[in-house]
Amino acid sequence: MDNRPIGVFDSGLGGLTGVRELRKRLPNENIVYFGDTGRVPYGSRSPETILQYARQDIAFLLSKDVKCIMAACGTVSSIYPAAEAAKLPVPYLGVVDAAAREAAFVTRNRRIGVIGTAATIRSRSYETVLRKLVPGVEITAQPCPLFVPLVEAGYVDHSALDKQQVTRLVIAQYLAEVREAGVDTLILGCTHYPLIKEMIGWYMGRNVTLVDPAQTAAHHLERTLSERGLKGNHEKGEAHFYVSDVPDSFAQTADLFLGEYKGGLIDQIAIDKY
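According to the numbering used here, numbering within the sequence shown proceeds without interruption in unit steps and concludes at 279.
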């Protein structure tokens, strides 16, 4: 048994979908979350800048004595080197590998779509993993840069009809080529995207399986904790949120991502110190 907290980080709000899944699966665990709201977005940055930010984010979480780290950010997971992750003093899990393995398991026709930030798609990280797992796989990748601001502005599933109509138009614009490619599996390669999962599913059709990186990563992390004897046993796990910009706007939007698992302290930190 290990009652140290789980560490989770993201460039901003999207990683909260990972926190939601972890709180659902592991209710007895404490969670420390860092959202780099002062430097969001990561998806349009250079690989060198993303790597620098990731190292600082990880250093902050390690200062909180976490027992494992989940990079709940498709962009970081695409850039952060596996060799460097292996040298960390605690287990590290990115969302790319977990989601790619799930997609490889569920595909039937070996045609897989990948959507994500510009940096995630440019890195071809999903393609690299998928080609090792699925011989002859056909991959259709598409950057969707407007999805993140739409989600953070509340243009999500179950929002007002006029907001949904805007998001549906953008989805159709981005995903037309992916749908025409005949994929039977689509990786939602950014942790913001599950909040528009129903609208994406409606456009792609019922025969296309959507792979949610937050769900798959939380499942893999739960298994890792069990295998290594690291599960905690708090009566009721709590979440503590840290941000690099003023917490007010974060607090207003966080409930959208966390749903019934909302709540927890929010503090601002100076991430450049790490």
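No residue lacks a Cβ here, since even glycine has one placed at the ideal position from N, Cα and C.
Annotation for residue 116: the continuous beta strand (DSSP E) segment containing it runs 116-121.
For residue 71 against residue 38, the beta-carbon gap comes to about 10 Å, at or over 8 Å, which does not count as contact. For residue 75, the three-state secondary structure derived from DSSP is strand.
For residue 97, the uninterrupted beta strand (DSSP E) run begins and ends at 97-99, by DSSP.
The Cβ neighbour count for residue 130, taken over all protein chains shown within 10 Å, is at least 16; the residue is labelled buried.
In the DSSP secondary-structure assignment, residue 272 is bridged to 247. Collapsing the DSSP output to three states places residue 217 in coil. As computed with DSSP, residue 234 is found in no beta bridge at all. A direct Cα-Cα distance of roughly 34 Å separates residue 257 from residue 94.
Sixteen is the threshold: when 16 or more other Cβ atoms of the shown chains lie within 10 Å of the Cβ of residue 15, as they do, the residue is buried. Looking at the backbone, the Cα of residue 158 and that of residue 51 are separated by about 25 Å. In this structure, the CA atom of residue 115 is about 29 Å from the CA atom of residue 90.
DSSP links residue 14 through a beta bridge to 39, 76.
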